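For the sequence shown, counting from 1, position 5 maps to 5 in the numbering used here; every step adds exactly one.
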Amino acid sequence: MTDSRVPGGAPAGEGRYGEDLFEPERRGEAGRIDAGALAYDPFTTRRLRMLGAGPGRRCLEVGAGTGTVARWLLEEAGAEEVVALDRDTDALASLGGPRLRVLTGDLTDERLEPGTFDLIHARFVLMHLPGRRRIVSRLAGWLNPGGTLVLGDAVELRDALDTGSAYRRTMDAMWQALWTTIGTDISGVPAYPRFLREEGLRNVAAEVCCPPLLPGSPLARFWSDTWSRMRPALEATGRVDADVVEEALAYLDSPRLAELGPGMAMTWGQRP
């Protein structure tokens, strides 16, 4: 990892999302995921629609979570078929139907072969996984001719003049804790367009989407829930203590809140 926010070149953690952090069975976890979906789904679905999501398309939704995008692909876009892939699919049980297949599987498992698709979408998935360059290659290999791969992961647009606020210290502690616990790495996200070009995809492009971080907004709730669930890991970094985290949480719900929060970089390309 090249992110300078991680001091001393600490090694990446070997834990897993959903096991060592953000366990799906923990009370309130589905609500945390849904708060993030409320913030980012409008950007995601707008782009998927512009890229041709609709009738006649066979789609793979990677890291389907609680199924908000899979449901949109079925009900709003009218896709012919949707395969919803996740390591934990309990939250997807109610989505089963003749046009939706729920697939329990690990994207890092080389034996996983879900088929081929006209549209493949993965949001906030690759950043948490080791060997993501290899995963991009496998995803590109699952595209039908003319199919589109869409990757979305987090990016930080930092205020270089703010290094000491409770918000900044807590956000930095979060990225460090994610790295040292489960290996989350956002430093390589800007390379995704190059990865898709190297895979031979065409019409490669990207955009950055930043939902407004407003008190009481879904995005503020998402970060509040995320930091609350990570409190022991945040404090273990040594960057924050309980008082700093409390101040940061209060700030997220304060009318003084004024930040350009982390955004999502979406990259897409089409197989010839």
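The C-beta atom is built at its ideal place from N, Cα and C for all residues, glycine as well.
Keep in mind it's a predicted model, so treat the numbers as computed, not measured.
- Judged by DSSP in its simplified three-state form, Ala53 adopts coil rather than helix or strand.
- Going by beta carbons, Leu100 and Val82 fall inside the 8 Å limit.
- In the three-state reduction of the DSSP assignment, Phe124 falls in the coil class, being assigned neither a helical nor a strand state.
- Nearest Cα to Thr226 within the set Arg47, Ala12, Pro24, Gly13: Pro24.
- As far as DSSP is concerned, Phe222 takes part in no beta bridge.
- Contact between Val150 and Leu48 is confirmed by a C-beta separation of about 7 Å, below the 8 Å threshold.
- Below 8 Å, enough C-beta pairs join the stretch 245-259 and the stretch 207-215 to call them touching: three or more.
- Between Pro272 and Pro145, the beta carbon gap of about 7 Å places them in contact (Cβ cut-off 8 Å).
- Taking C-alpha positions only, Thr89 is separated from Leu161 by approximately 42 Å.
- Its Cα nearest to that of Ala64, the residue Arg87 stands out among Gly28, Arg221, Arg87, Ala53.
- Between Val155 and Pro262, the C-beta gap is smaller than 8 Å, which places the two residues in contact.
- Under the DSSP assignment, Val189 falls outside any beta strand (DSSP E); it carries neither an H nor an E label.
- From the listed residues Pro130, Gly200, Arg58, Glu207, the smallest Cα separation to Thr180 is found for Pro130.
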